[in-house]
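Asker:
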Amino acid sequence: MKKGYWIAAALTLAFLGFGLTAFQKTLTPYLSFEEARKSKGVVQVMGGLDKESDRYDTTKEELSFDLVDPAGGRMPVSYRGTKPANFRDAISIVAIGRFQDGRIEAEKLLVKCPSKYQGAEVEKAYSATVPGKTS
Amino acid sequence: MYVWPGVAAIWGALLSGLACAGTYFAVDRGRRDLLPLARALYSAYATCVVVASAILMTLLLQHRFDVAYVNSYSSLELPFHFLLSTFWAGQEGSFLLWCFWGAIIGLFVWRSAKEQEAPVMIVYLATFLGIIAILCKQSPFKLLPPPTPADGVGLNPLLQDPWMVIHPPVMFIGFASLSVPFAFAIAGLWKKRWDGWIVRTLPWALLTFLTLGTAILMGGYWAYKTLGWGGYWGWDPVENTSLVPWLFTAALVHGMFLQKARKRHRKINLILACTAFATILYGTFLTRSGILADFSVHSFIDLGITGWLVGILGSFIGLSIVMLVWRWRSIPAADEEETPLLSRSVLFILGIAVFCALGLVILLGTSAPLLTRLSGTPSQVQTSFYGATTTPAGFLLLLLAGLVAFVSWKGATLKELFTSSRRSLIVGAVATAVALGFGARGVALVLLFTAVFTADMNLQAVMRKARTGKLGGAGGYLAHVGVGIMLAGVVVSGNYARTQRINLKVNTPTKVGDATLTFLRVVPGTAERKQAMEVRVETPRGKSYYAYPKMYQNSKTGQLMANPSIRSSAITDLYIAPQTGGESFGIVLLEAMAAGAPVLASDLPAFRQVLDAGRLGELFEACDSNQLTTCALALLRAPAHREKLRIAGLEAVQRYDWSVLLPEILSVYELVARR
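Order-wise, the sequence lines are chains A and B.
Just so you know, we're using our numbering here: the first sequence kicks off at 344 and counts up by one.
Just so you know, we're using our numbering here: the second sequence kicks off at 139 and counts up by one.
1) Considering A449 of chain A, what are the terminal residues of the alpha helix (DSSP H) in which it resides?
2) Relative to the C-alpha of L194 of chain B, which candidate in B:F246, B:T185, B:V141 has its C-alpha closest?
3) Counting only Cβ pairs nearer than 7 Å, list the residues of chain A close to F523 of chain B.
4) Considering D750 of chain B, what are the terminal residues of the alpha helix (DSSP H) in which it resides?
5) Can you give me the C-alpha to C-alpha distance between I755 of chain B and R780 of chain B, rounded to a whole angstrom?
6) Please report how far the alpha carbon of E215 of chain B lies from the alpha carbon of A685 of chain B, in whole angstroms.
7) In its own chain, which residues sit with a C-beta less than 6 Å from the C-beta of T224 of chain B, not counting the 5 before and 5 after it?
8) Taking C-beta to C-beta, are Q254 of chain B and K330 of chain B nearer than 9 Å?
9) CA-CA distance, G719 of chain B and T529 of chain B?
10) Verify the CB distance criterion: does Q520 of chain B have a CB-CB separation below 9 Å to chain A?
11) Below 9 Å between beta carbons: does that hold for A589 of chain B and L536 of chain B?
12) Chain A beta carbons: is any one of them nearer than 9 Å to that of L712 of chain B?
13) From I487 of chain B to R446 of chain A, what distance separates their C-alpha atoms?
14) May I ask you to verify whether the stretch 413-423 of chain A touches the stretch 374-384 of chain A, counting CB pairs closer than 8 Å and requiring at least 3?
15) Hey, P478 of chain B and A411 of chain B: beta-carbon distance below 9 Å or not?
16) At a Cβ threshold of 9 Å, is P413 of chain A touching chain B?
17) Confirm the yes/no value for this check: CB of L173 of chain B, any heavy atom of the ligand GDP, distance under 8 Å.
18) Between G614 of chain B and I490 of chain B, how many whole angstroms is the CB-CB distance? I'm expecting something under 8 Å.
19) If we ignore side chains and look at the alpha-carbon of each, how far apart do S722 of chain B and S740 of chain B end up?
20) In angstroms with no decimal places, state the Cα-to-Cα distance between F203 of chain B and D289 of chain B.
21) Which residues of chain A have a Cβ atom closer than 8 Å to the Cβ of P516 of chain B, listed in chain order?
22) Given T515 of chain B, which residues of its chain have a CB within under 8 Å of its CB, disregarding the five upstream and five downstream residues?
23) Under 8 Å Cβ to Cβ from I418 of chain B, same chain only, skipping five residues before and after it: list those, please.
24) When you check each C-beta in the stretch 526-546 of chain B against every C-beta of chain A, which residues fall closer than 9 Å?
25) Assign L84 of chain B to buried or exposed, taking buried as 16 or more other Cβ atoms, counted over all protein chains shown, within 10 Å of its Cβ.
26) Applying the criterion that 16 or more other CB atoms from any shown protein chain within 10 Å of the CB defines a buried residue, is M601 of chain B buried or exposed?
27) Is there a Cβ of chain B sitting closer than 9 Å to that of V420 of chain A, yes or no?
28) Thinking S435 of chain A and S421 of chain A are a contact (beta carbons under 8 Å), I'd like their distance in whole angstroms, please.
29) At what residue ranges does the stretch 375-452 of chain A contain a whole run of the alpha helix (DSSP H), taking only runs of 4 or more?
30) Unbroken alpha helix (DSSP H) runs of length 4 or more, entirely within the stretch 474-534 of chain B: which are they?
31) Using 8 Å as the cut-off, can you tell me whether the stretch 365-372 of chain A makes contact with the stretch 390-398 of chain A, which would need three or more C-beta pairs spanning the two stretches below that distance?
32) Using a Cβ cut-off of 9 Å (strictly closer), state whether F361 of chain A contacts chain B.
33) Spatial neighbours of P143 of chain B within its chain, please: CB distance less than 8 Å, with the 5 preceding and 5 following residues excluded, ordered by chain position.
34) Can you tell which of B:A151, B:V165, B:Y162 has the C-alpha that lies nearest to the C-alpha of L234 of chain B?
35) What alpha helix (DSSP H) runs, 4 residues minimum, are completely inside the stretch 559-633 of chain B?
36) Is A757 of chain B helix, strand or coil when you go by DSSP?
In structure tokens:
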């Protein structure tokens, strides 16, 4: 039986080791717009949507928009894929992808929307009373 | 003043709970005469929790919008079943739901604990009193200052789904019942009782295993059906923090069966009961403290309870470690079991190891933002991390579950194993060959083979039990059959789903995959039915039907909601999800209306909504220039109609006038300022 435990321990350690390697390989840092412009790999940036900037090119099926950060920085993002639901209602948008040709080519967008969790009611109430704010 | 009974009930629960724990402590010190008092105090505690829940539910059903919680999560328009689900739509209510199940389960625990009653009940109560204390601080019964709002803010439209009515209650049964093995494990360490607790808590561990598993599946189905992701699992922290406790509970359940059968391996279960409980607390901390706010699609906003959550988490992990270290040397180790390497005991140990390792690795990925924050830039793992790690672990687990059907406690030789598994190897090979024929390649084939092999191995074990009339012992095998079939489905659907994005022009048949889709019209929404698009689908066999993917604006929140249309058949789903393409509201139209201009706009869902389906302005088919010309000319030739639209528009736009909006905005600011 002792052997069984040793195999189990070895298996667990091997798997944890494998997990750690995969962890380091897929780790994507959260960067400011400035840092993102300098980086080579996959990064993620977060910002608010500039609501004047978003365009959807139906022929290329490409969404492009600008993210703005509180410091006034601006980062163009392009995303080949369908526009996420509630895109324009987002409190903030996270774009994950590479910085190329002066913009982030996003593989994935995380749209943070008012959700079931607490505090959300403020945003919800706001958009309910000011229906025109998103247009 | 109808909220004070609620506040009183929560404080009553805290005080009677503390008194109950104290009395049980006296009982444990030898005051046996106090036992009836301790039980009476537990009943008082449970009654308080149930009464507090009943009051909150009543307030919600009666639309008492001056109560902040009622105002934040419910509204007049919600039907009864969604009104029920507003109870657990917010943090406070879901904490209360957790305690509600805990209070009920406790009534059974004290009866089954026998001589362990006092220590078990002290630990059991302690697991809930921290949450009750949070509820005393962050009460669901807080009042809004006057004036009372006429209507509530309403339930998040994404949660307005029948699955979301039952998902949280089922989930929290699992959370609450995991306190039972934890309480018995700590009490066992305290009183040096090593074996009896397994038999008494196995049913509760199984309950958690079942309810958490069911809740995870329901959540996945909801994501598939409502969110329009096109998938059922996204490795979001919220999902991970329910999966990890489930994996540790799976390890615990297996460990308990092992100890029950072999009267050995006591240390494993003591550790597992503590770890499984700790993962629930850790998950609660991750998802409710706001700490992952920048890393999840869900919005977590700090409620000011982070310190409390860390305190609860830390004290229970600390307690577990202290108890285990303190008693480690006293835990009796049974004599060395002489079993061959290929025996059921070893398979169980390996299975438990893989469950735990997988749970830890998923936890590592989910905690990435926290861990990396300590050493610099906060980072997140990509979802490929989870795919890469779960695949080998899933393969190992499947393989072990397949072998366990034929390897007995005494062990088996390789030759015996091969003979008994020949049929399943063939069945697995046939399934793999069929998949190969359909174009499957790579790792998916290995996984599919193992899944089918496992399902068939266990199916044979179930049949064997059935023939000998001992179906009672077939539960584990039957569960493994289900796991095999489910994972085969996961592999196939995960690897061979096809997605295509298309623009459907009105009345133009477009070929998508095998089917031909024709977008016919937008069906306007009514009170009962949401606005939907009518799409005719012609299947390759010449049959046709109508699909209605929905796209509408939620009247409360203004969010644009998209619900896919799903056509399920035995082996495929056709999943049509509408996508937002343009305007989400249409303030331009309002501006025109306010200026007294008659409006002619393209027939987009948002514009249709603003123009009240044509009552306030004309609509023409989007992208159809001919129709635009026709409509515009017709409108120019009909001055009477133009005047009618102009007046209707001016009237409708009053709704958005500053004189109306300003008080509403101010009331929002007041709401914010009060927080």
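Where is the CB? At the ideal position from N, CA and C, for every residue including glycine.
Computed from a predicted structure; not experimentally measured.
Answerer: To lay it out plainly:
1) Judged by DSSP secondary structure, A449 of chain A falls outside any alpha helix (DSSP H) and instead within the beta strand (DSSP E) spanning 446-455.
2) B:V141
3) A365, F366, T369
4) Per DSSP, D750 of chain B belongs to no alpha helix (DSSP H) and is neither H nor E.
5) For the sequence presented, residue 755 of chain B should be read as Gly rather than Ile. Approximately 9 Å between the Cα atoms of the pair.
6) 27 Å
7) The residues are L198, Y211, S212, L293.
8) In this structure, Q254 of chain B sits away from K330 of chain B, with a CB-CB distance that is not shorter than 9 Å.
9) In this prediction, G719 of chain B has a pLDDT of 48, which is less than 50 and means its spatial position is unreliable; nothing more can be read from the coordinates.
10) yes
11) yes
12) no
13) 51 Å
14) yes
15) Cβ atoms of P478 of chain B and A411 of chain B: not closer than 9 Å.
16) no
17) With respect to the ligand GDP, the structure shown offers nothing to examine, as it has no ligands at all.
18) Not quite, the Cβ-Cβ distance comes to about 14 Å (not below 8 Å), so this is no contact.
19) With a pLDDT of only 47 at S722 of chain B, under 50, the local geometry of the prediction cannot be trusted, and the value read off the model is given with reservation. Cα to Cα, S722 of chain B sits roughly 13 Å from S740 of chain B.
20) 7 Å
21) P372, Y373
22) none
23) F313, L316, P383
24) Answer set for the stretch 526-546 of chain B: A526, T527, P530, A531, L534.
25) Only positions 139 to 813 of chain B appear in the structure, and residue 84 of chain B is not among them; the question remains open.
26) exposed
27) no
28) Their Cβ separation, rounded to whole angstroms, is 18 Å, which puts S435 of chain A and S421 of chain A out of contact at 8 Å.
29) 376-381
30) Assignment of alpha helix (DSSP H) within the stretch 474-534 of chain B, counting only whole runs of 4 or more residues, yields 482-504, 506-512 in chain order.
31) no
32) yes
33) V189, I193
34) B:A151
35) 560-575, 581-605
36) First, the residue type needs correcting, since residue 757 of chain B is Leu and not Ala in the sequence shown. Reduced to three states, the DSSP call for L757 of chain B is strand.
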